[in-house]
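Our numbering applies: residue 1 is where the sequence shown begins, and numbers increase by one.
Input: a single structure, listed below in structure tokens.
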Amino acid sequence: MGLLPLLLLCGLYFFISRMWNGDIRIFYVLMASSALVFLLGICNRFSFYPIKFEVTQPDFVSTLGNINWFCGYLSVVSPVGIGMFVLQDKKQEASWRKVYYGKKWIFGSYAMITFTAGFCQGSNSVFLWFAALFGICLWICLEKQEWIKNWLLLVILWGASAQLVRFFRWLFPGKYNYDINNLCGYFTGSSVTVWIVAAGVIAYVIFWRKEKRDYLVEKRSVIRKAMIVLVFSLLVAWLLLSLLNTVWGLSFLNKSTAFQGLFLFDESWGNGRGAAYSAGIQILKEFPLIHKLFGAGPDCFACCAYAMPELSDTLYRYFGSARLTNAHNELLTCLVNTGIFGFIFYLGIFVSFIIGSGKKRKKNPVLYVLSLSVICYFVHNMVSFAQVLNFPYLFMFAGMGRYLQKICQSR
């Protein structure tokens with residue numbers, strides 16, 4: 001992710017935003033190819049390799065490699081198909097319905113495959129994506145009664161996918177080749193998602209009646225405010241519990257192996273992300289003013305980290321021969337590589353895109369889908385990084401969205 005890829009991706013954004021023909025049937029190609037990738041990931045997790053590899057490792061699945069890379073690809077690509085599922089509505093404008101509206105079962109099947117792949121791949125970072133996906137989808141779906149029904153169906157599919165992984169683990173004992181002492185193992189090995197499915201079915205039955213859905217749409221402003229308060233409260237509660245656990249140790253948080261380490265701020269937090277974050281912060285502290293403003297240069301995180309003797313010793317002691325090339329946090333890495341100005345400009349591109357899409361959403365709801373992918377990318381990358389399997393899609397979707405915004409503006 002050096003200077004040349006960044007310039008190429010900026011060019012990609014420019015050409016797509018001005019030369020794309022607006023035919024979103026390209027999404028079906030993306031769904032088909034990604035579904036195949038996810039199915040291979042599911043097969044690999046259960047020790048079945050349709051494509052033979054000379055060496056197989058549990059950390060590497062499908063054709064993508066490391067499970068974190070796999071999640072990065074999933075976080076930005078799959079919201080397209082899932083977004084198309086929740087926004088299904090027979091009363092859409094005829095001008096774009098012909099290419100957008102399709103068989104709901106196709107999009108539902110895609111969502112099921114995606115969720116199943118997410119649950120069985122093993123990385124806890126997928127739960128950040130789950131939270132962002134369902135939260136933003138609910139925010140969007142409060143616009144229409146039909147969309148609320150689709151969101152409830154999506155919740156049911158999510159819970160059913162976890163139980164499907166549980167069924168596969170029972171059906172193929174000993175074939176599941178990854179650690180189950182994590183969040184993925186917890187949700188697929190317990191009955192929590194059974195209760196979520198049951199709650200989803202009950203809510204779907206209750207809100208089947210139009211007047212019930214009308215009430216939610218009318219109260220969407222209140223519900224959205226409540227969602228903001230809930231997210232803020234959960235973040236504060238997590239931060240408070242983590243600080244208390246780090247300082248004094250809270251035994252009830254450390255009993256469950258699935259949640260162990262999530263509430264403890266040390267180098268091992270987030271499978272080594274604590275050490276990576278510390279490295280990024282230390283680099284920023286040591287930077288002269290010019291580098292604080294403009295950064296060290298694209299992809300220069302490792303050059304800076306290993307040029308500092310004390311930090312270099314710490315990294316070698318913790319990561320060994322594996323070279324730390326980023327902070328495993330998109331925005332922190334961006335601050336190191338491109339500085340405060342680069343950080344503002346980079347984030348500004350996508351914030352302005354999301355705001356612009358929000359303003360034009362009623363003229364073309366496809367903008368919802370593209371914005372959903374961009375937001376899911378950034379939420380997941382709070383604990384991950386830009387790489388060739390996700391970064392190009394970010395610019396591609398932003399370019400497509402910018403084109404659709406201009407079309408809406410000209411109407």
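The beta carbon of each residue, even a glycine, is placed where N, CA and C say it ideally should be.
Review point. In or out: Lys-362 buried (at least 16 other Cβ within 10 Å) or exposed?
Key: exposed
Review point. Nearest to Leu-431 by alpha carbon, out of Arg-18, Gly-11, Leu-7, Gly-22?
Key: For residue 431 there is no data in the structure shown, the boundaries of the chain being 1 and 411.
Point to revise | Given His-380 as reference, the closest of Asp-59, Trp-69, Met-1 once Cα atoms are compared | key: Trp-69
Review point. Less than 8 Å separating the beta-carbons of Leu-142 and Val-217?
Key: yes
Exercise for review: Please report the Cβ distance between Gly-200 and Val-155, rounded to the nearest whole angstrom; I am assuming they are in contact, meaning their Cβ atoms lie under 8 Å.
Suggested key: 4 Å
Point to revise | Rounded straight-line distance, which links the Cα of Asn-181 to that of Leu-39 | key: 23 Å
Check your understanding: With DSSP run on the structure shown, which of helix, strand or coil describes Arg-97?
Key -> Confidence is the limiting factor: at Arg-97 the pLDDT is only 48, short of 50, which leaves the residue's position unreliable and the question unanswerable from this model.
Exercise for review: Give the DSSP-derived three-state secondary structure of Asn-68 in the structure shown.
Suggested key: helix
Point to revise | Anticipated Cβ contact below 8 Å, Tyr-412 with Phe-46, distance rounded | key: Residue 412 is absent from the model: the chain starts at 1 and stops at 411.
Review point. If we ignore side chains and look at the alpha-carbon of each, how far apart do Ser-191 and Ile-407 end up?
Key: 47 Å
Check your understanding: Candidates Gln-387, Leu-404, Gly-401, Gln-405: which alpha carbon is nearest Pro-5's?
Key -> Gln-387
**Study point:** Complete alpha helix (DSSP H) runs within the segment 121-198 (minimum length 4 residues, chain order)
**Key:** 126-141, 145-171, 183-189
Check your understanding: What residues match up with Phe-60 in a beta bridge as DSSP calls it?
Key -> Asn-66
Check your understanding: Below 8 Å between beta carbons: does that hold for Leu-293 and Ile-340?
Key -> yes
Check your understanding: For Phe-265, which of helix, strand or coil comes out of DSSP?
Key -> coil
Check your understanding: Under a three-way DSSP split, which group does Glu-54 fall into?
Key -> coil
Point to revise | Closest Cα partner of Gly-320 within the set Gly-342, Cys-300, His-328, Gly-272 | key: Gly-272
Check your understanding: Since Leu-4 is in the alpha helix (DSSP H), which residue starts that stretch and which ends it?
Key -> 3-19
Point to revise | Alpha-carbon spacing of Val-374 relative to Ala-327, whole angstroms | key: 20 Å
Point to revise | Distance, Met-400 Cα to Ser-357 Cα | key: 11 Å
Check your understanding: Does the Cβ of Cys-10 have 16 or more other Cβ atoms within 10 Å, making it buried, or fewer, making it exposed?
Key -> exposed
Check your understanding: If you draw a straight line from the C-alpha of Gly-72 to the C-alpha of Leu-389, how long is it?
Key -> 7 Å
Point to revise | Extent of the continuous alpha helix (DSSP H) run through Thr-325 | key: Here Thr-325 belongs to no alpha helix (DSSP H), and DSSP marks it neither H nor E.
Check your understanding: If Val-77 and Ser-34 are in contact, beta carbons under 8 Å, what's the gap, nearest whole angstrom?
Key -> 5 Å
Review point. Near Ser-161, what residues of its chain come up, given a Cβ to Cβ distance below 7 Å and the 5 sequence neighbours on each side ignored?
Key: Met-112, Phe-115, Thr-116, Phe-119
**Study point:** Beta-carbon spacing of Leu-153, Ile-82 below 8 Å
**Key:** no
Exercise for review: Please classify Asp-447: does DSSP put it in a helix, a strand, or coil?
Suggested key: This structure leaves residue 447 out entirely; the chain is present only between 1 and 411.
Practice item. Determine the contact status of Leu-128 and Val-351, defining contact as a CB-CB distance below 8 Å. Key: no
Check your understanding: Between the segment 275-293 and the segment 310-320, do at least 3 Cβ pairs fall closer than 8 Å?
Key -> yes
Check your understanding: Per DSSP, what kind of secondary structure is Asp-313 in: helix, strand or coil?
Key -> helix
Check your understanding: Exposed or buried, Tyr-393, counting other C-beta atoms within 10 Å across all chains shown (16 or more means buried)?
Key -> buried
Point to revise | Phe-70 CB to nearest heavy atom of the ligand ADP below 7 Å | key: Only the bare structure without any ligand can be found here, which leaves the ligand ADP out of the picture.
Practice item. Just mark Glu-310 as buried or exposed, buried being the case when its beta carbon has 16 or more other beta carbons within 10 Å. Key: exposed
Review point. Is it the case that the Cβ atoms of Tyr-204 and Lys-285 are separated by a distance below 8 Å?
Key: no
Review point. Which whole-angstrom value is the C-beta distance of Ser-17 and Tyr-403, which I expect to be below 8 Å?
Key: 5 Å
Check your understanding: Using the beta-carbon count (16 or more within 10 Å), is Gly-2 buried or exposed?
Key -> exposed
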